[in-house]
Amino acid sequence: MPIRDKHEFKVSFLQVLDEDGRVDKQLEPDLSRDQLLELYRGMVLAREADQRMLRLQRQGRLGTFSPSTGQEAAACGPLLALGKADWLVPAFRELGALLMRGVPFNRVLRFWGGWEEGNVFPGVDRTLPIAVIVGSQIPHAAGLGYAVRHRGEKDTAVLTFFGDGATSEGDFHEGMNFAAVWKAPVVFICQNNQWAISTPLNKQTVSESIAQKGLAYGMPVLQVDGNDALAMYRAAKEALDRARAGDGPTFIEAITYRLMMHTTADDPSKYRAEGEVDQWERRDPLVRFRKYLGSKRLWNAQKEEQLRVEVKQYIDDQVKEYETPIDVKPDIIFDLVRGIAHELIEEQRAEFLHRLNDENEDADA
Ligand SMILES: Cc1ncc(C[n+]2csc(CCOP(=O)(O)OP(=O)(O)O)c2C)c(N)n1
Ligand SMILES: [Mg+2]
8 MPIRDKHEFK VSFLQVLDED GRVDKQLEPD LSRDQLLELY RGMVLAREAD
58 QRMLRLQRQG RLGTFSPSTG QEAAACGPLL ALGKADWLVP AFRELGALLM
108 RGVPFNRVLR FWGGWEEGNV FPGVDRTLPI AVIVGSQIPH AAGLGYAVRH
158 RGEKDTAVLT FFGDGATSEG DFHEGMNFAA VWKAPVVFIC QNNQWAISTP
208 LNKQTVSESI AQKGLAYGMP VLQVDGNDAL AMYRAAKEAL DRARAGDGPT
258 FIEAITYRLM MHTTADDPSK YRAEGEVDQW ERRDPLVRFR KYLGSKRLWN
308 AQKEEQLRVE VKQYIDDQVK EYETPIDVKP DIIFDLVRGI AHELIEEQRA
358 EFLHRLNDEN EDADA
């Protein structure tokens with residue numbers, strides 16, 4: 008009995024803007040001038056905010072954080088396709104996604120400054136807080152997708168982000184499998200930035216791609232140039248539309264690169280070659296998108312200057328707000344973990360406050 012071929016799988020790759028900003032007319036998404044400018048502003052704001060955070064951290068005004076410079080297209084492109092009724096479930100390297108969602112920058116600063124208040128996003132619904140525990144948000148996204156379907160919420164999808172390293176966690180496989188089996192409306196975006204702290208991709212997995220891992224769970228997959236904001240928008244839009252139409256989850260692998268350190272607590276020159284970074288600097292997502300806007304006559308040096316001034320003013324105001332003392336509510340975590348009151352949590356709160364009081368008395372003595 009001959010052995011027959013049973014299945015054939017393939018992984019496609021999407022790029023809309025090449026590295027010089029030239030667009031593939033067939034694949035160019037139909038976006039208005041305002042949408043294109045909103046996307047560019049999101050990426051510029053993310054870059055400038057990231058660089059400000061680095062300076063604040065170096066001056067001792069902010070705790071450790073995970074810079075996102077170089078990854079703006081992967082985070083911002085999909086946000087342009089995300090609606091208010093959709094859920095956003097971030098990891099920890101999507102500053103641009105949070106800012107485009109409307110999360111005030113001062114809240115992100117509070118998070119990395121060590122304030123529990125940084126987990127609350129006033130005026131922004133359906134947006135989960137930053138998740139530092141690698142991969143932990145993936146089952147949350149699958150569960151939210153399940154809930155959306157269970158409640159019969161039609162035009163709602165869930166968008167979640169994670170890194171290449173997260174795909175080695177059990178949470179990734181469990182979340183992907185559940186979402187596929189439940190036909191949950193979830194779009195999974197892996198930001199493959201080539202590194203998980205000091206672990207390079209070839210030590211993370213021997214798969215030819217990360218995208219193909221989605222095939223094992225029976226969902227459509229696409230590999231995308233993650234430094235191409237138009238390709239990221241297009242891929243996410245199609246996947247979100249499919250999810251909202253009841254056709255289940257999609258897995259997108261965004262090929263991108265972390266241009267700075269993993270967090271402000273490490274020195275990447277200890278584990279990677281400068282030449283590698285230079286190569287990726289030439290693929291800067293902002294430069295590519297700016298060239299595209301220029302070729303459409305939507306952008307020039309004067310508009311760039313105006314935008315930079317406006318963004319700087321916003322960042323200055325937000326930093327000021329972050330550094331304005333607020334009432335410290337040390338027991339806020341008991342309000343936020345469950346969201347609604349519970350007598351066991353109130354018991355724990357009372358115990359916590361009691362101990363805190365004792366400690367304060369000891370310190371005074
Ligand atoms: C469960 C868990 N294990 C280990 C860590 C420490 N840690 C933080 S980020 C990280 C690497 C994550 O790499 P990747 O998923 O590729 O995301 P990236 O940092 O590149 O954005 C590790 C191991 C953690 N936060 N959580
Ligand atoms: Mg990574």
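Residue numbers (my numbering): 8 to 372. C-beta atoms are modelled at their ideal positions from N, C-alpha and C, and glycine is treated no differently. All figures in this text were calculated on a predicted structure; none of them were measured in a lab.
- Here the segment 247 to 255 makes no contact with the segment 173 to 184; the two share fewer than three CB pairs at distances below 8 Å.
- By the Cβ criterion, the segment 43 to 61 is not in contact with the segment 155 to 164, since fewer than three pairs of Cβ atoms, one from each stretch, lie closer than 8 Å.
- Counting along the chain, E354 sits inside the alpha helix (DSSP H) bounded by residues E350 to D371.
- Short of 8 Å from the beta carbon of E311, and not among the five residues preceding or following it, lie these beta carbons of its own chain, in chain order: R297.
- For the options E353, I10, L247 and A98, the alpha carbon positioned closest to that of P146 is the one of A98.
- G170 is bridged by DSSP to Q198.
- Nearest in C-alpha terms to T167, of all of I204, S214, L105 and W189, is L105.
- Close CB contacts of A149 within its chain, under the 7 Å cut and outside five residues either way in sequence, are with G182, F185, A186, A191 and V193 (chain order).
- Residue selection by CB proximity (closer than 6 Å to any heavy atom of ligand 2) returns G170, D171, G172, N200, W202 and A203 in chain order.
- The C-alpha of G109 lies about 44 Å from the C-alpha of H14.
- Per DSSP, the unbroken beta strand (DSSP E) holding I262 starts and ends at T257 to I262.
- Listed in chain order, the non-local C-beta contacts of D338 below 7 Å within the same chain comprise R356, F359 and L360, local neighbours out to five positions each way being set aside.
- In this structure W306 is not in contact with G77, their Cβ atoms being roughly 21 Å apart against a cut-off of 8 Å.
- Membership of D232 in the beta strand (DSSP E) is indicated by the continuous run V228 to D232.
- Judged by their CB atoms, A243 and A88 are nearer to each other than the 7 Å cut-off.
- In the three-state scheme derived from DSSP, where H, G and I count as helix and E and B as strand, L135 is classed as coil.
- V231 places its beta carbon less than 7 Å from that of A261.
- Scanning the segment 52 to 86 for uninterrupted alpha helix (DSSP H) segments of 4 residues or longer gives 79 to 86, listed from N- to C-terminal end.
- Ranked by Cα distance from G103, the options D132, S73, W122 and R54 are led by R54.
- Assigned with DSSP and collapsed to three states, A218 falls in coil, not helix or strand.
- Per DSSP, the beta bridge partners of V96 are T167.
- Between L43 and G120, the gap from beta carbon to beta carbon reaches 7 Å or more.
- Within the model, the alpha-carbon separation for R304 versus L38 is close to 15 Å.
- One Cα belongs to D248, the other to P227, and the distance between them is close to 13 Å.
- In the DSSP assignment, M107 falls within the alpha helix (DSSP H) that extends over L102 to R108.
- Collapsing the DSSP output to three states places V316 in a helix.
- Rounded to the nearest angstrom, the gap between the Cα atoms of Q33 and L351 is 58 Å.
- Distances from the CA of D57 to each of F258, R345, N113 and K220 were compared; the closest alpha carbon is that of N113.
- The bridge partners DSSP lists for A203 are T206.
- The shortest C-alpha to C-alpha distance from Q22 to any of L229, R345 and S205 is the one to L229.
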